[in-house]
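Structure record follows, encoded as C-alpha cells.
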Amino acid sequence: MDKLNLTDAEWRDRLSPEQYHVLREGGTERAFTGKYNSNKADGLYFCAGCGTELFDAEEKYDSGSGWPSFTAPVDIDAVDEIRDTSHGMIRTEVRCSNCGGHLGHVFPDGPGVNGLRYCMNSASLDFKSRDDVE
14 MDKLNLTDAE WRDRLSPEQY HVLREGGTER AFTGKYNSNK ADGLYFCAGC GTELFDAEEK
74 YDSGSGWPSF TAPVDIDAVD EIRDTSHGMI RTEVRCSNCG GHLGHVFPDG PGVNGLRYCM
134 NSASLDFKSR DDVE
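Note that this note's numbering has the sequence shown beginning at 14, numbered continuously upward.
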C-alpha cells in the first residue's frame, strides 16, 4: 500500500481541529475526555487520518490511565514506534505506519504476554463495530 502523503491544507480539510492537533502536531487529549476511553463495544479501531486498521477491541483493556489502552496492534506493521525524548522524558511514540499520524505512546507496563500498554488518543482513532466491518 502506498503511504498517504497530504499537504498541511489537505490534512486540515480532512480532520477536525482536535484530530489535526493530535495526529499532525503530536498533541494529546486530556485524560478521561476521549470518546473511546470507556468504549466496551466489540469491533475494530482505525486511524482517523487514513483509515488503516490499527487495534482490535479484543486487545482493549481499562488501564486506568484515562486513554484507550490496548495490549497490541492488529499487525505490528500497522504502527511505527519512534523514540520520543520530548517533555524531559524518554518514551516510545506510536504513529500510523500509513500516514505518519501520531496515535499515542507505548509503555512496558501492560498486561498480557508482551507486557505492553498501547496508550492511544481517541481523537486519533475511528471505531467500527465488528458487524459493520464484516
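Backbone N, C-alpha and C fix where the C-beta goes; we use that ideal spot for every residue, glycine too.
Within the region 29–77, the runs of alpha helix (DSSP H) that reach at least 4 residues and sit entirely inside it are, in chain order, 30–38. For D26, the enclosing alpha helix (DSSP H) has its first and last residue at 21–27.
In terms of Cβ geometry, L57 and R143 form a close pair [threshold 8 Å]. Residue burial is scored here from C-beta neighbours: G117 has at least 16 other C-beta atoms within 10 angstroms and is therefore classed as buried. Distance from the CA atom of V107 to the CA atom of K53, rounded to whole angstroms, is 22 Å.
Counting along the chain, V126 sits inside no alpha helix (DSSP H), nor does DSSP assign it H or E at all. D15 has its alpha-carbon roughly 33 Å from the corresponding atom of R43.
With fewer than 16 other Cβ atoms inside 10 Å of its own Cβ, R96 counts as exposed. The alpha-carbon of E66 is positioned some 9 Å away from that of P86.
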